[in-house]
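**Student:** This is the structure I have questions about; it appears just below.
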Amino acid sequence: MSSLAQSHLRETFELNIGPQHPATHGVLRIKVVMDGEYIDRAEPILGYIHRMHEKMGENRTWNQFWPNMGRLDYLSAIAYNHCYAGLVERAMEIVVPERAEYIRVITAELNRIQSHLLGFGAYIMDLGGFTPLMYAMDEREQILDLLESVTGSRLTYCYFRFGGVYNDIDDDFITGTRAFIKRFRPQIPIYHKLVTGNVILMDRLIGVGPVSAEMCRKYGATGPVLRGSGVNYDIRRNEPYSVYPELDFDIPVYKECDSMARYMVRMDEMVQSCRIIEQALDKLPEGPVMAEKVPKALKPPKGDFHFAVEAARGTFSMRTVSDGTNTSYRMRLRSPTYSNVSLFEEASRGMLLSDALAFLGSLDPVIPEMDR
Amino acid sequence: MDRAKIKRELENLAAAGLPAEPVQEKAPVEVQAEGEAGGKEKAKKAEEAPRKNGLIETEYAKRGAHLDVQINPDQVVRAAEILDGEGMTLEMVTGVDWIKDGQLEVIYDYSHAGGQLFRVVVRARVDRNKPDIPTVCHIYGGANWHERETWEMLGINFAGHPQLEHFLLPEDADFYPLRKDFKP
Amino acid sequence: MNELIRLLSYMIGIAAFLGLNLAYLGWVERKGAGHFQRRTGPKEVGPYGLLQPLADGLKLMSKQLIIPANADKALYMCAPILIMVPAVLLFVAIPFGEHLVPREFNFGLIMMFAFASVGGLSILIGGWGSGNKYSLIAGARAVSQNVAYEIPMLLTAINIVMITGSMDLNEIIRQQGSYFWNWNIFRLDKSVLMPVSFLVFFICSLAETNRTPFDMGECEGELVAGYHTEYGGMGFGLFMMAEYANLVIGCSLTTILFLGGWQSPIGIWPGPHWFLLKMYFLVWCFVWIRWTYPRTTFWGLLNLSWKYLIPFSLVNLLLTALFIKVF
Amino acid sequence: MSGYFTDIITGLKSLAVGLQITNKEFLTKPITLQYPHEAVKMTPRYRGHIELIKDPETGMNKCISCGMCEKGCPSGCITVKSEKRPGVKGKVLTAYILNFTTCSLCGQCVENCKPGAIGFSNEYNLASTRREDYIFDLLRKLHPEGIPEPEVDPELLKKELEKQEAAKQAAAAKKEPAKKAPAAEGGELKAEEKS
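Chains as they are written, first to last, in this note's numbering: chain A, 1 to 372; chain B, 1001 to 1184; chain C, 2001 to 2327; chain D, 3001 to 3195.
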């Protein structure tokens, strides 16, 4: 036997990606067992920013739990607001005025664009291109300014209330939003030219990190990850809430199952969100923004309730068990990133290190939401 | 996905689980009798008692689920197999501490991944002193993290789970924070 | 005596030129990055942030030097110095003007390549000596990258040697007469692929200097900071300065081989100003490219080298041989 | 083989397009706001830390010290201190302490406040190296020149004094059943509320 024959004794070594590492945008730690440049096993280790939101839900009144909703996924906090509002409204059978529902949709979609913009920029930065992040940030600032003018905060929104929203929107916001969409639409083709069409980026994304639809199902992956695997599943369509059934929009689906598909889903979703916002602004009815007779001290009936929304990263759902008091008996938050990242271990086996990080970025994890 | 089939099979499963526990064999009859009697106090008492195994069709608009089924702990794997065969996805696994009943409840939330609106809740109650339940990891890979978290937060022991290690909490945590008797 | 004064003045001149370049290319890069990204870049320290390099230098110099516990001390210490040596040494051979050259070697081109490859070695030493896994991976990457890129680069250089028949850098420039159509890049009468050859050489010098899109050695997204992860203070400063020194060398070499060095493109006033103009234009292109593209993967990089650059340079070599024989 | 060359051409073209875009951005003016030199204009709805609102008529705060903000606060960062003063209607606010380090700016306190005594400030550039700097006394912030004494209503004072006197007399008269004294106090409070 020649001495050149491959030895079966492989020499592996462990490498820590994170918790403080430029490739992870939060404090995610991945313990990687490497075989040269290839990954043998990658085990995500969570909990560095765990704050026990679920326990907080148990010892705070229903109203007091509001600020927590802004601190899970700090990038699409309004969708989380929406879920909590929907959950308690479902339990209490509160009917929300139509204007409030439209305002909810408008702000949630603005928030979604903002989240995808940052996801896009940060993803390209992971891949070594720093400039698109700055362009994305520029557009994102416009959205933050708009949302600030109506919600009062820039990131950790605590805007929705049971039965409506905290503030009505004014004409400045409406004209500002329309102006933003007008300005933002032509930017997307520029992004595609600068980034998507780039041969280097295509080389890095196409075919990298394949996640089949079946794997998504087994792991409960949702959002752009699932839609990038060819499954047309979006809570806004498949489990309609708020006024989404009245609005016309498409769900972008790509069948390639790779990182490029997930990236493209996000890019296309921004265009669709623009469409939703425009329609919602056109249809915006007059009227109050808060339901009448919402008690200050809420006591939902006994039983358990479930509500799901489509956040920027997938299905965010909440399950609460109420025992009829002013606090929840059990509050369960199901965050999309948690399920999405859980498939990383299986999918990254045998990948190159650089591909694995491109794959991780395409899952677009937000760590505070994952750790809760 | 066949809704009727899922319902039928889960119903059968829940029914099959009933005789397994001799205490519960009597109980449903009792509850029914009480319900028929319509005694206000008795009805209230029945409500206070832990829920019996069985399938309830809930209204989606009110509860956020279509089917709500409670089964024995040893049947959750079978339930997962039924639902897996029908293309459902396991959205989350969680638990509730019913300290008054001395029980821990494990809740499995299933939804349809293909886009149809169908949500199934599977529950199983385990004894608080001996919280063992089989894992569904081998059926749903995603259950791994959810079960690990439930074990960590509530102390429910998922038998057969490949890696019941601390995950979100520090490595030396010897408490179960989501249990109702946990005092920080 | 005269020779001594000449040498001394050249030494001072090179040191000043190098120092100025190393300091202010950093400034140019940051300012450029800023403007490419809709921001302004450094502007607080001095007018237009012009004193920023001084502030950076002071900061780096005042930092404590820490040697990691499991680093190989000798290698760790010598890597940053070693990487600066070829960068500084190579300035000896660069003809800035017809008579403005410290030393005319008749094997200047060979010397350039010989010393440039020491850079790759010092990256490996730095990566290995740090005792850090990220650095080690980066070192291995950088070396195989350098090996892969030196082949097409040398093939292209041989091309030039075949055309000019000399390895003397100044002679190569002299042969590319004034007027830009005489530059090697447009010498279509020697080989129709000369512009492609220029592109190949340009890409190779990008890869040789370890800059985006080929910064596999220090890709901050994967390997934290690559081979200089464990370096702080002036150790890191030297690595950073060496990058700019290599940048200047690479651009100078491209200018000499393809763009006619100090020759004027329009036939008047040949001199060092043309050299500097051409070189800084190339440097600017490097900056521009860095802030436009994402990074390639390691495989992408090797693919590019073996599938595109090497075949093209080989074909070009053959064509040149043919053209020289036929015409 | 033709695919090989089209790959090269499309690849080079995409790279050129990228360079073109960044070059265009290079030539346009930067959009950044030079923060310390230029101030950010905050929207009127910006939710900074809370502050007490001055009543334009009296120049005082509107707080009635009901403590609803304290109860509604999820993080328990508000402490309202008040006392009863002779001759002044209701309770007098002596200190309104906001521990801004734990505040999550949710606005529950503002919503819970019935008299509308607190609102959001527009302050955004708070910076300090000391934790203690963020424990604000909002009352002191409202009146930096010194907290003014509440106006004493002479009639009310007279009434109160009379009542106290009456209570004292009543207490003296019925010294043995000490239990009734609290009842008298309760009555006094009720009378106050009515007035």
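The beta-carbon is built from N, C-alpha and C at its ideal position, and this holds for glycine as well.
1. Shortest alpha-carbon distance to GLN2263 of chain C belongs to which of C:GLY2120, C:ILE2173 and C:ALA2069?
2. Output needed for PHE359 of chain A: all residues of its chain with C-beta closer than 8 Å, excluding positions within five of it in sequence on either side, in chain order.
3. Looking only at DSSP bridge pairs, what is LEU2304 of chain C linked to?
4. Curious, which full-length alpha helix (DSSP H) runs of at least 4 residues does the segment 2271 to 2319 of chain C contain?
5. What is the rounded straight-line gap between the Cα of CYS2078 of chain C and the Cα of GLY2126 of chain C?
6. Hey, which unbroken runs of the alpha helix (DSSP H) at 4 residues or more fall wholly within the segment 1067 to 1149 of chain B?
7. Please list the segments of the beta strand (DSSP E) lying wholly inside the segment 22 to 105 of chain A, counting only runs of 3 or more residues, in order along the chain.
8. Would you please verify whether the beta carbon of GLN2037 of chain C is less than 9 Å from any beta carbon of chain A?
9. Can you tell me whether GLU2218 of chain C is helix, strand or coil according to DSSP?
10. Within its chain, find whatever has a CB closer than 6 Å to the CB of GLN64 of chain A; leave out the 5 residues flanking it on each side and keep chain order.
11. Of all the CB atoms in chain D, is at least one closer than 9 Å to the CB of LEU360 of chain A?
12. Figure out for me which residue from D:THR3094, D:PHE3136, D:CYS3069 and D:VAL3017 has the closest Cα to the Cα of TYR191 of chain A.
13. To the nearest angstrom, how far is it from the Cα of MET1088 of chain B to the Cα of GLU2230 of chain C?
14. So with Cβ pairs under 9 Å, would you call THR156 of chain A a contact of chain C?
15. Do you know whose CA, among B:THR1058, B:GLN1116 and B:ALA1014, lies nearest LEU234 of chain A's CA?
16. Can you check which of these residues, D:GLY3087, D:CYS3109 and D:LEU3126, is closest to LYS3159 of chain D by C-alpha distance?
17. Going by Cα to Cα distance, which pick from B:CYS1137, B:LEU1154 and B:LEU1010 is closest to PRO1177 of chain B?
18. So, with DSSP's three-state summary, where would you put LYS3114 of chain D?
19. Please list the terminal residues of the continuous alpha helix (DSSP H) segment that includes TYR263 of chain A.
20. Using only CA atoms, which one of A:MET34, A:MET137, A:GLY314 and A:MET290 lies nearest to PHE404 of chain A?
21. What are the partner residues of ALA1159 of chain B, as DSSP defines its beta bridges?
22. Does DSSP classify GLU2992 of chain D as helix, strand or coil?
23. Looking at ALA1159 of chain B: is its Cβ nearer than 9 Å to the Cβ of PRO1134 of chain B?
24. Check each candidate in C:ILE2266, C:PHE2327, C:ASN2303 and C:LEU2318 and name the one with the smallest Cα separation from ILE3008 of chain D.
25. For chain C, find out if any of its Cβ atoms is closer than 9 Å to the Cβ of ASN3023 of chain D; answer yes or no.
26. Taking CB distances under 9 Å as the criterion, tell me whether LEU28 of chain A reaches chain B.
27. Would GLY1054 of chain B count as contacting chain A if we go by Cβ distances under 9 Å?
28. Taking only beta-carbon atoms, is ILE3009 of chain D less than 9 Å away from chain C?
29. May I have the straight-line CA-CA distance separating GLY18 of chain A from SER339 of chain A, to the nearest angstrom?
30. Which of the three DSSP states, helix, strand or coil, is assigned to LEU333 of chain A?
31. Determine whether the Cβ of GLU2222 of chain C lies closer than 9 Å to any Cβ atom of chain A.
32. With respect to 8 Å, is the separation between the Cβ of MET2240 of chain C and the closest non-hydrogen atom of the ligand COA below this value?
33. Which chain A residues sit within Cβ distance under 9 Å of VAL1096 of chain B?
34. Taking Cβ positions only, does THR3102 of chain D come closer than 9 Å to chain C?
35. Please list the terminal residues of the continuous beta strand (DSSP E) segment that includes SER322 of chain A.
36. Sort C:LEU2277, C:GLU2208 and C:TRP2027 by Cα distance to MET2112 of chain C and report the nearest one.
**Tutor:** Quick answer:
1. C:ILE2173
2. VAL208, GLY209, SER259, PHE344, ALA347, SER348 and MET351
3. Beta-bridge partners of LEU2304 of chain C (DSSP): none assigned.
4. 2272 to 2290 and 2298 to 2303
5. Taking the CA atoms as reference points, CYS2078 of chain C sits about 8 Å from GLY2126 of chain C.
6. 1076 to 1085
7. 29 to 35 and 38 to 45
8. Against chain A, the CB of GLN2037 of chain C has a partner CB under 9 Å away; the residue lies at that interface.
9. coil
10. none
11. It does not; no Cβ of chain D falls within 9 Å.
12. D:VAL3017
13. 49 Å
14. no
15. Residue 234 of chain A is actually Asp in this sequence, not Leu. Closest option to ASP234 of chain A, Cα to Cα, is B:GLN1116.
16. D:GLY3087
17. The shortest C-alpha to C-alpha distance from PRO1177 of chain B to any of B:CYS1137, B:LEU1154 and B:LEU1010 is the one to B:LEU1154.
18. Residue state, collapsed to three classes: coil.
19. Element bounds for TYR263 of chain A: 259 to 283.
20. There is no way to answer for residue 404 of chain A, as the model of chain A reaches only from 1 to 372.
21. B:PRO1134
22. The displayed coordinates of chain D run from 3001 to 3195. Any statement about residue 2992 of chain D would go beyond what the structure contains.
23. Taking a C-beta distance under 9 Å as the contact criterion, ALA1159 of chain B and PRO1134 of chain B qualify as a contact pair.
24. C:ASN2303
25. A Cβ of chain C is located within less than 9 Å of the beta carbon of ASN3023 of chain D.
26. Under the Cβ distance rule, LEU28 of chain A does not count among the residues neighbouring chain B, no pair being separated by less than 9 Å.
27. Not an interface residue.
28. no
29. 19 Å
30. In this structure, LEU333 of chain A counts as strand in the three-state DSSP scheme.
31. For GLU2222 of chain C, the nearest beta carbon of chain A is closer than 9 Å to its own beta carbon.
32. Absence of the ligand COA is noted for the structure shown, with no ligands found whatsoever.
33. Residues of chain A with a Cβ closer than 9 Å to the Cβ of VAL1096 of chain B are, in chain order, ASP304, VAL321, TYR329, ARG330 and ARG332.
34. no
35. That run of the beta strand (DSSP E) goes 314 to 322.
36. Its Cα nearest to that of MET2112 of chain C, the residue C:GLU2208 stands out among C:LEU2277, C:GLU2208 and C:TRP2027.
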